[in-house]
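Residue numbers (our numbering), protein chains in the order written: chain B, 2 to 101; chain D, 190 to 866.
Below is one structure, written out as C-alpha cells, with a few remarks after it.
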Amino acid sequence: MIPTEYYIFLGTGLFTIGVIGVLTRRNVLIILMSIELILNAVNINLVALSQYFKSVDGQVFAIFVITDAAAEAAVGLGLIIALFRNKETVNADEIDLLKW
Amino acid sequence: MLDYIWLIPVFPLLGAAIQLFFGRRSSNRAVSTVSVGLPGLSFLWAVGCFAQFLGLPESYHHVFLRPLYTWLPAGAFHLSNGSLGNLNVHVGMQLDPLSCVMMLVVTGVGFLIHVYSIGYMAHEGGYYRFFGYLNLFMFSMLVLVLADNYLMMFVGWEGVGLCSYLLIGFYFLRKSASDAGKKAFIVNRIGDAAFLLGVMLMVVTFGTLDFHLITKAAHSGQFPVGSGVITTICILLFIGATGKSAQIPLYVWLPDAMEGPTPVSALIHAATMVTAGVYMVARSNALYALSPTALALVAGIGAATAIWAASIGLVQNDIKRVLAYSTVSQLGYMFLACGVGAFGAGIFHLMTHAFFKALLFLGSGSVIHALSGEQDLRKMGALWHKIPTTAKTMLAGTLAISGAPFLSGFFSKDEILWQSFASPYGNKLLWVIGVGTAGMTAFYMFRLFFLTFAGNSRVPHEVEHHIHEAPSSMTVPLICLAVGAVGAGYVGWPKVLGGPNWFGKFLDPVYENPAMRPALEHTWNQEFGLMLFSVAVAFVGFFVAHRWYVKQPGIADRVAAAAGAAYSILLHKYYIDEIYDALFVNRVKDLGSAMAAFDLGVVDGGVNGVGWFTRLSARLSIIWDTWVIDGVVNALAFMVKLVSWPARIVQTGLVQNYAWFITLGVLFFMVYYLVHL
C-alpha cells in the first residue's frame, strides 16, 4: 500500500511543472499542454484523497475533470488555429490584444 | 338646356385647354377646327338656352338661377350694421334678360371673330397660342356675364384682363407690343383694386354677393336714397368700370392695345371685354338708383370721355387708333346712358356697338391684310374697287356708327341722346355734348372711310401689286356682321317711330327700381325734333368729311395748318401719356429707384454688417475654443493620463504576465498564512 503523501508529492510536482510551463513557455501549444499537466495533477490528488477518505466523490469528480479537460483541449486547439490564421504566430509574448 | 347652361363657358375652356396643352404639334387646320368649333357650339347652346328662357313662365320673375356648388362657405360674421351675416359664395349661373343679351353678343360676335381669325392669322406664328388665348378669353367673358354674384363676376373680370394682356402682347418680340400689354394690365389693376374694394364693402353691407339678393336688399327701402355707403360702393364699382371700359382717367391703355392682332382688337377691345364695365354698372342698377351722386358721376365721366376721345379721333392717322378712340368715345355714350338712368339704352347701344365696331375693326383688319400690314391712313386710298366686299361692309359699319337713319347705331344712339335730354337725371348740357360727339363721330368715321377707299391711291407701288380681297373665311364674318350692323337696331325700334321697342320691353324687368325718379312728360314733337336734329348733325359731319377728303383733298391740310396748336394738341392726344408719365409713371419709377437705393444701401448694408459681425465673433470664438475650451479638455486628459500611469504599466496585454501575477499572489497569501498560522 503506497502512502497517500507520495501521491500528494507526485501531484504537487506535476502541478509545479505545469505552472512553470504555463508561466515560462512562449508557445501557446506548450502552454496548453502544461495546463493538461496541472489538470492531471489535480486528478491525482482527487483520486488519492478519495482513496484516503474512503469516498468515491473524488473519483467521480476526477471523471468530470477529464471530460472538462477534453473539451478544453478541443476549444483551446480551435482558438490556436484561429489565432494563427489571424496573427501568423503562436507565441504568447507576441500576442497582446488584451491591452485596451 | 337651361340646366346645362354652364356648358356655354365650358366649351371654350375646353378649347383653350386643348390648344394650350397639346396645340403646339397640331396642324393649323386641326387647331382652327377645335377652337372655332367649340365657341360655335357655345353659340348654338346659348341660342337654345335663350329660346328656352323665353318660354319660362312669368313666376320666374325673369330670372333663372342655376347654382352649381358652394365655392366659399365663409360662415357667420358681423355686418357693418351689427347684425349677423352668413356669407356663402356660390359658383352659379344667372340668366335674366340682361345676361341673355350679353351672352348672345359674346358668343355670336365672338364666334364670327373666331371664324375671321382663321384667315387673318393663317400666316402668323403661334397659331395655336392665339386660338388658345382667344378661347380662354371667351370662357372668362362668359363667366363674367353669366355669373350670379359679384365675386364670380370678378373672376371673369380678371380672366378677361389676363387674356387681354396676353393677346395685346401676342407679338411679344416687338417691344411696343409687350409694353402695351403691360400698360393695359397695370392700368386695369388700378380699376380692379377699386372694384375689389367695392365688393368687400358689399360683403360687410349686405352680407351677400348674389345679384338677386343685393337687388332685393336695395329695393327693400332699407337704404335711403343718397345713402353714403351705397354711394361709396357705386363709385368704387365705377372706378373699376373706368379701368376695364377705358373711361377717363383710365382710358389710356385702350389706344395702345391696338398693338395686338386685329381680331383681338375687334373681339376684346371693341365688342366684348371693354363693355364689361357697362354691363357691371347696368347689373348694379338697383344700387345706382339709390345714389344720384354716383349716377351723376357716371353720366359726367361718360359724356366727358365721349367727346374727349372723339376729338382725339378726329386727327389720328393710324386706322386702328381712330377706331380705338371711337370705341372709347362710344363706351362713354353707354356710360352716359347708364348715368342718366337709362340702363336699357346703354345696353342697347352696347349690343349695336358690338356689331358695327367689330365689323369696323375686322374691316380695317382686312384692309391692313390687303396692304401687307400698312396701318397708316395717309398711305391708303382708292381701295373701293380693289377690295369691294370689305369696302361695302365697312360702309355699312360707318353708316351705322354715324347714326344714319334706320341703321342700328341710329336707334341706339338716339335713344341715348333722347334719354340724356329727357330723363329726370339728364340735362341739356349732357345732350349738347352727346350731339357734338355724334357730329364728330360721323366726321372721323367718314374721314377714315374716304381716306381708305376714296380719292387717289397713295399706296406705295410695291404694295399695290399685292392688294387682294381677303379669303372667304374673313369676308363671310364681315357680311354677317354687316347684316347685324344694319339690322340689329330693329329689335329696339322706338315708340316715337311707331315701333314696339321689343328690346326695351324685354330688358325692363331688370331695371324696375322703386327708388328711380319718375320719368318726365315730354311730347312726341320734342322727341322727334331732337332726333331730326341729331341726324342733321351727323349729316353735317359726313358732309364736312366728304368735302375735305373727297371733293377738295387739299383743304384738310390747310385747316390743320390754320388750327396750328390745337391740331398739334389733338394729334398728340392732349399729351395725356406724357402727363401721366410725368405725374405717375416716372414718380413710381423714382420711388422704385429710391427703393433700390435703400435696398442696396440700408438693407444689403445691414445684412452685410451682420455677416461681418458674425465673422468677427466667429473668429473670437475660434480663439476661445482653441485656447480655453480645448485647453481645459486637454489638461483634464493629461491629468487622467498622469494619474493612470501606475495602472497602465501593469496592463501589458500579455496573458503570461497576468498568470505571473496570479501565481505570485497565490504564493504570497500561502506564505502569509504559513507564517501566521
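All C-beta atoms, glycine included, are put in the ideal place defined by N, C-alpha and C.
Since we're looking at a predicted model, the values are computed, not measured.
Cross-chain neighbours of residue i in chain D, by beta carbon under 9 angstroms
i	result
Ala93/B	Leu843, Val844 and Gln845
Endpoints, beta strand (DSSP E) assigned at residue i
i	result
Tyr258/D	Phe253 to His267
Asn277/D	Leu273 to Leu284
CB contact below 7 angstroms: residue i versus chain D
i	result
Leu11/B	no
Leu99/B	yes
Chain-ordered neighbours of residue i on chain B, where CB pairs are closer than 7 angstroms
i	result
Trp834/D	The contacting residues do not exist; Trp834/D stays about 15 angstroms from chain B at best.
Where residue i meets chain B, residues with beta-carbon distance less than 8 angstroms
i	result
Ala848/D	Val23 and Leu24
Distance, residue j Cα to residue i Cα
i	j	result
Val48/B	Ile3/B	13 angstroms
Ala754/D	Val748/D	12 angstroms
Ala786/D	Arg776/D	15 angstroms
Ile576/D	Thr641/D	11 angstroms
Val332/D	Ala571/D	43 angstroms
Asp603/D	Asp368/D	38 angstroms
Val376/D	His735/D	37 angstroms
Asn28/B	Leu11/B	25 angstroms
Val774/D	Tyr468/D	30 angstroms
Gly681/D	Ser601/D	8 angstroms
Pro256/D	Ile194/D	11 angstroms
Ala407/D	Gly415/D	12 angstroms
Val729/D	Ile622/D	16 angstroms
Leu230/D	Gly271/D	48 angstroms
Ile39/B	Ser51/B	18 angstroms
Thr17/B	Ile64/B	22 angstroms
Asn702/D	Tyr477/D	10 angstroms
Gly790/D	Trp801/D	15 angstroms
Beta-carbon neighbours of residue i, restricted to chain B and to distances below 9 angstroms
i	result
Thr852/D	Val20, Val23 and Leu24
Where the alpha helix (DSSP H) containing residue i begins and where it ends
i	result
Tyr756/D	Ala754 to Leu760
His538/D	Phe532 to Ala559
Lys100/B	Segment: none, Lys100/B is in no alpha helix (DSSP H) and carries neither H nor E.
His312/D	From DSSP, His312/D is part of no alpha helix (DSSP H); its letter is neither H nor E.
Met634/D	Lys617 to Phe642
Trp195/D	Trp195/D -> no alpha helix (DSSP H), and no H or E assigned at all.
Glu563/D	Here Glu563/D belongs to no alpha helix (DSSP H), and DSSP marks it neither H nor E.
Pro835/D	Trp834 to Val839
Phe732/D	Trp713 to His735
Ile403/D	Phe400 to His408
Ile96/B	Looking at the DSSP string, Ile96/B is not in any alpha helix (DSSP H), and its letter there is neither H nor E.
Val844/D	Val844 to His865
Val225/D	Asn217 to Leu243
Thr397/D	Run containing Thr397/D: none; DSSP gives neither H nor E here.
Leu33/B	Val29 to Phe54
Thr516/D	Ile508 to Gly528
Gln608/D	Ser597 to Ala611
Supposed contact pair residue j and residue i - C-beta distance, whole angstroms, cut 8 angstroms
i	j	result
Val539/D	Thr464/D	The displayed chain sequence assigns Leu, not Val, to residue 539/D. 5 angstroms between Cβ atoms; contact.
Ser515/D	Gly530/D	Their Cβ separation, rounded to whole angstroms, is 25 angstroms, which puts Ser515/D and Gly530/D out of contact at 8 angstroms.
Ala471/D	Cys527/D	6 angstroms
Tyr769/D	Val441/D	6 angstroms
Ala543/D	Gly592/D	Rounded, the Cβ-Cβ distance is 16 angstroms, inconsistent with contact.
Gln840/D	Asp94/B	Incorrect: roughly 15 angstroms between the Cβ atoms, too far for contact.
Ser288/D	Val334/D	5 angstroms
Phe359/D	Gly449/D	6 angstroms
Ala492/D	Ala631/D	So it is not a contact: roughly 18 angstroms between Cβ atoms.
Ala488/D	Ser597/D	Not quite, the Cβ-Cβ distance comes to about 23 angstroms (not below 8 angstroms), so this is no contact.
Gly533/D	Tyr700/D	6 angstroms
Gly380/D	Gly429/D	5 angstroms
Ser269/D	Thr394/D	6 angstroms
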